Amino acid sequence: MVDFVQGPLITIAFIIFILGILFQLIQFFRLTRKKEWGRLPIAYEMKPEKKTPEKILASCLASLNGTLWKTDPVLTVATSVFHVLLILTPLFLLGHNILLDQSCGWSLFSFPEPLSDGLTLIVLLCGVYFLGRRILLAKVRAITTIYDYVVWLIAVAPFLTGFFAYHQWFHYETVMLVHILSGEIMLITIPFTKLGHMLFFFLYRFFIGGEYSFLRGSRTW
Amino acid sequence: MKRLGFCAFFIAFSFVLLANSLLAQSDVMILDSMKGLPGKKRPPVPFPHNLHVEKGGSCKDCHHLYEKGENVLDESSLTEGNKEIFCSSCHGSKARLNLEQAYHGQCMGCHKKPLKEQKKAPPRYCGGCHIRK
Chain A
1 MVDFVQGPLI
11 TIAFIIFILG
21 ILFQLIQFFR
31 LTRKKEWGRL
41 PIAYEMKPEK
51 KTPEKILASC
61 LASLNGTLWK
71 TDPVLTVATS
81 VFHVLLILTP
91 LFLLGHNILL
101 DQSCGWSLFS
111 FPEPLSDGLT
121 LIVLLCGVYF
131 LGRRILLAKV
141 RAITTIYDYV
151 VWLIAVAPFL
161 TGFFAYHQWF
171 HYETVMLVHI
181 LSGEIMLITI
191 PFTKLGHMLF
201 FFLYRFFIGG
211 EYSFLRGSRT
221 W
Chain B
222 MKRLGFCAFF
232 IAFSFVLLAN
242 SLLAQSDVMI
252 LDSMKGLPGK
262 KRPPVPFPHN
272 LHVEKGGSCK
282 DCHHLYEKGE
292 NVLDESSLTE
302 GNKEIFCSSC
312 HGSKARLNLE
322 QAYHGQCMGC
332 HKKPLKEQKK
342 APPRYCGGCH
352 IRK
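Protein sequences appear in the order of chains A and B. For the first sequence, position 142 matches number 142 in the working numbering, and the numbering has no gaps at all. For the second sequence, position 8 matches number 229 in the working numbering, and the numbering has no gaps at all.
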């Protein structure tokens, strides 16, 4: 069991992660393929407008109206920080990069360990904030199911166990084993659960957004 | 007379115990050659040499001097205080494997072997050797 979790399962998890993402990507393009794409008529002629720095700034600020930034700035900051650190912290973690160097002969740049430790703590605090919202806020609780808690656990568990492992709290070998296992579960579940927004965020945000604004209903991908 | 003999035996026995514990302590080397070198560091590794001698088949399983892919180290050079046999004498910052990579490669090469191939599980993760106080 231990040999399997710290050996072949790591490779299996990465293969499922990459193939799963490729499968979802192909599925996305396949399902959105259509023979003919209509173009919406242009409502008005666009007049080139002279842009001054003030106007650009004003339009940037105006674009924030009606977004989450206006309704819930704390959540906006927490979720932005959480998502950025969720990717950066494990990529630039010294321990991960040393393992990478040992197995592949190359590695990424590593943050100093106290910095990684602090960033992990921030991820965990954001996680606690999201969990608190789900439990305490009626409007969020109303749309929360057990599935959301499971997904939350999948996302937070590698960071919690990693934090314990770094500080060598509890039984170190067991914590490390659970840490590796939780990372593998996260990789395997990303393509097949709502954690897939790791990939689809970019498609939704830029492609579909672009379709309805810049290119008037035409498929841009 | 009998009492004196008992006291002498007790004192001698205590010395043997004390010497034994001192020798056992000296067996654990602290691998801190990375001290003073640039880079990010974990706590130095306490290394029980005798335990590894018992586990390993020969000195040359770890100690090495490679020439054309062959370990040509003369085992008689493995004497305490001989700086030429230190890992750092070859694995400098410009070597193909620097000191950190050499240590990790040498230790993890065995420690990462599957559990079923080992009688007693050695430390397998970073913190098993880089122990925080």
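Note that beta-carbon positions come from the ideal geometry of N, C-alpha and C, so glycine has one too. Small disclaimer: the values here were computed from a predicted structure and weren't measured.
Whole alpha helix (DSSP H) runs in the segment 154-206 of chain A with 4 or more residues, listed along the chain?
Taking only runs of at least 4 residues, the alpha helix (DSSP H) segments lying wholly in the segment 154-206 of chain A are 172-189 and 197-202.
Determine, using beta carbons only, whether HIS325 (chain B) comes closer than 8 Å to chain A.
Position 104 of the second sequence, counted from the first residue, corresponds to residue 325 (chain B). For HIS325 (chain B), the answer is yes, since a Cβ of chain A falls inside 8 Å of its Cβ.
Excluding sequence positions up to five away, which residues of its chain have a Cβ less than 6 Å from the Cβ of LEU119 (chain A)?
The residue you call residue 119 (chain A) lines up with position 119 of the first sequence. If we look at LEU119 (chain A) and ignore the five residues flanking it on each side, its Cβ neighbours are LEU85 and THR89.
Buried or exposed: where does HIS270 (chain B) fall if 16 or more other Cβ atoms within 10 Å of its Cβ makes it buried?
Indexing the second sequence from 1 puts residue 270 (chain B) at position 49. It is exposed - the Cβ of HIS270 (chain B) has fewer than 16 other Cβ atoms within 10 Å.
Counting only Cβ-Cβ distances shorter than 8 Å, please list the residues of the segment 100-133 of chain A near chain B, keeping chain order.
Cβ contacts with chain B: ASP101, GLN102, SER110, PRO112 and GLU113.
Rounded C-beta distance between ILE228 (chain A) and PHE23 (chain A)? I'm assuming under 8 Å.
Chain A is shown from 1 up to 221; residue 228 (chain A) falls before or after that span and cannot be answered.
Measure the C-alpha to C-alpha separation of ARG134 (chain A) and LEU187 (chain A) and round it to an integer number of angstroms.
Position 134 of the first sequence, counted from the first residue, corresponds to residue 134 (chain A). Position 187 of the first sequence, counted from the first residue, corresponds to residue 187 (chain A). Distance between the alpha carbons of ARG134 (chain A) and LEU187 (chain A): 24 Å.
Just to confirm before moving on: does the CB-CB distance between PHE92 (chain A) and LEU108 (chain A) stay below 8 Å?
Taking the first sequence and counting its residues from 1, one reaches residue 92 (chain A) at position 92. Taking the first sequence and counting its residues from 1, one reaches residue 108 (chain A) at position 108. Yes, the pair counts as a contact, with Cβ atoms nearer than the cut-off.
Quick check on the DSSP output: the beta strand (DSSP E) that includes ILE251 (chain B) runs from which residue to which?
Here the question's residue 251 (chain B) lines up with position 30 in the second sequence. Run containing ILE251 (chain B): 249-252, per the beta strand (DSSP E) assignment.
Nearest chain A C-beta to GLN322 (chain B) closer than 8 Å, yes or no?
The residue given as residue 322 (chain B) occupies position 101 in the second sequence. Yes, its Cβ sits closer than 8 Å to a Cβ of chain A.
Taking all protein chains shown into account, do 16 or more other C-beta atoms lie within 10 angstroms of the C-beta of ILE98 (chain A), making it buried, or fewer, making it exposed?
The residue labelled residue 98 (chain A) in the question sits at position 98 within the first sequence. With 16 or more Cβ atoms within 10 Å of its Cβ, ILE98 (chain A) is classed as buried.
If you count every other CB in all the chains shown that lies within 10 Å of the CB of LEU94 (chain A), and 16 or more means buried, which is it?
As a working note, residue 94 (chain A) is residue 94 in the first sequence. Label assigned to LEU94 (chain A): buried.
Have a look at B:SER254, B:CYS308, B:LEU272 and B:LEU336 and flag the residue whose alpha-carbon is nearest the alpha-carbon of MET1 (chain A).
Translated into positions along the first sequence, residue 1 (chain A) becomes position 1. Nearest C-alpha to MET1 (chain A): B:LEU336.
Is MET198 (chain A) close to chain B? Criterion is C-beta to C-beta, closer than 8 Å.
Looking up residue 198 (chain A) in the first sequence gives position 198. Output row for MET198 (chain A): interface = no.
Cβ closer than 8 Å: which chain A residues qualify as neighbours of TYR346 (chain B)?
As a working mapping, residue 346 (chain B) is identified with position 125 in the second sequence. What TYR346 (chain B) touches in chain A: ALA165, TYR172, GLU173 and MET176.
Closest by CA to TYR204 (chain A), which one among A:THR11, A:PHE29, A:GLY7 and A:GLN6?
By one-based count along the first sequence, residue 204 (chain A) stands at place 204. If we check each option's Cα against that of TYR204 (chain A), A:PHE29 comes out closest.
At least one CB of chain B closer than 8 Å to the CB of VAL2 (chain A): is that the case?
Residue 2 (chain A) sits at position 2 when you count from the first residue of the first sequence. By this cut-off, VAL2 (chain A) is an interface position.
Please return the same chain residues whose Cβ sits closer than 6 Å to the Cβ of ILE146 (chain A), not counting the five positions on each side in sequence.
Here residue 146 (chain A) refers to the residue found at position 146 when the first sequence is read from its first residue. For ILE146 (chain A), where only same-chain residues beyond five positions count, there are no Cβ hits under 6 Å.
Using a beta-carbon distance below 8 Å, is LEU336 (chain B) in contact with chain A?
The residue you call residue 336 (chain B) lines up with position 115 of the second sequence. Interface residue, yes.
Is the Cβ of GLY95 (chain A) closer than 8 Å to any Cβ of chain B?
Here the question's residue 95 (chain A) lines up with position 95 in the first sequence. Yes, GLY95 (chain A) counts as interfacial toward chain B.
Can you name the residues of chain A whose CB is closer than 7 Å to the CB of MET329 (chain B)?
Taking the second sequence and counting its residues from 1, one reaches residue 329 (chain B) at position 108. Neighbours of MET329 (chain B) on chain A, chain order: GLN102.
Is it buried or exposed, LEU239 (chain B), if we count other Cβ atoms within 10 angstroms and call 16 or more buried?
On the second sequence, position 18 is the one that residue 239 (chain B) refers to. At LEU239 (chain B), the pLDDT of 49 sits below 50, so the modelled position is not reliable; the number obtained from the coordinates is stated separately. With fewer than 16 other Cβ atoms within 10 Å, it is exposed.
Closer than 8 Å by C-beta to LEU299 (chain B): which residues in its own chain qualify, once you throw out the five before and the five after it? Chain order, please.
Here residue 299 (chain B) refers to the residue found at position 78 of the second sequence. So the list reads CYS280, HIS284 and ILE306, once near-sequence residues are dropped.
Less than 8 Å between the CB atoms is what I'm expecting for LEU320 (chain B) and LEU258 (chain B), so what's the real figure, rounded?
Position 99 of the second sequence, counting from 1, holds the residue named residue 320 (chain B). Position 37 of the second sequence, counting from 1, holds the residue named residue 258 (chain B). Going by Cβ atoms, the distance from LEU320 (chain B) to LEU258 (chain B) rounds to 7 Å, so yes, they are a contact pair.
Nearest by alpha-carbon distance to CYS350 (chain B): which of B:MET255, B:SER254, B:ARG263 and B:ASP248 is it?
Mapped onto the second sequence, residue 350 (chain B) falls at position 129. Considering only alpha carbons, the answer is B:ARG263.
Using 8 Å as the threshold, is the C-beta distance between GLN168 (chain A) and ARG353 (chain B) below it?
The residue labelled residue 168 (chain A) in the question sits at position 168 within the first sequence. The residue labelled residue 353 (chain B) in the question sits at position 132 within the second sequence. Going by C-beta atoms, GLN168 (chain A) is nearer than 8 Å to ARG353 (chain B).
Report the option in B:CYS347, B:HIS325, B:GLY326 and B:GLU338 whose CA atom is closest to the CA atom of GLU113 (chain A).
Residue mapping note: residue 113 (chain A) aligns to position 113 of the first sequence, counting from 1. Of the candidates B:CYS347, B:HIS325, B:GLY326 and B:GLU338, the one whose C-alpha sits nearest the C-alpha of GLU113 (chain A) is B:CYS347.
Please check if any C-beta of chain A sits within less than 8 Å of the C-beta of ARG317 (chain B).
Your numbering for residue 317 (chain B) matches position 96 in the second sequence. Cβ-Cβ to chain A under 8 Å: no for ARG317 (chain B).
Roughly how many whole angstroms lie between the Cα atoms of PHE4 (chain A) and LEU125 (chain A)?
Here the question's residue 4 (chain A) lines up with position 4 in the first sequence. Here the question's residue 125 (chain A) lines up with position 125 in the first sequence. If you take the alpha carbons of PHE4 (chain A) and LEU125 (chain A), they lie about 32 Å apart.
On the DSSP bridge assignment, give the partners of GLU291 (chain B) in chain order.
Start at 1 with the first residue of the second sequence, and residue 291 (chain B) comes out as number 70. Answer is B:GLU288, bridged to GLU291 (chain B).
Classify PRO267 (chain B) as helix, strand or coil using the three-state DSSP reduction.
The residue labelled residue 267 (chain B) in the question sits at position 46 within the second sequence. Correct three-state label for PRO267 (chain B): strand.
With H, G and I counted as helix, E and B as strand and the rest as coil, what does DSSP make of ARG33 (chain A)?
To locate residue 33 (chain A), count along the first sequence from 1; it is residue 33. DSSP places ARG33 (chain A) in coil when its eight states are reduced to three.
Taking CB distances under 8 Å as the criterion, tell me whether GLY349 (chain B) reaches chain A.
Locating residue 349 (chain B) in the second sequence gives position 128, where the first residue counts as 1. Closer than 8 Å to some Cβ of chain A, the Cβ of GLY349 (chain B) qualifies, so yes.
For GLN168 (chain A), return the contacting residues in chain B, with the cut-off set at a CB-CB distance below 8 Å.
Counting from 1 along the first sequence, the entry for residue 168 (chain A) is found at position 168. In chain order: GLY348, ILE352 and ARG353.
Quick check on the burial criterion: 16 or more other C-beta atoms within 10 angstroms. Buried or exposed for ALA180 (chain A)?
Within the first sequence, residue 180 (chain A) is the residue found at index 180, counting from 1. Checking the displayed sequence, the identity of residue 180 (chain A) turns out to be Ile instead of Ala. Flag for ILE180 (chain A) reads buried.
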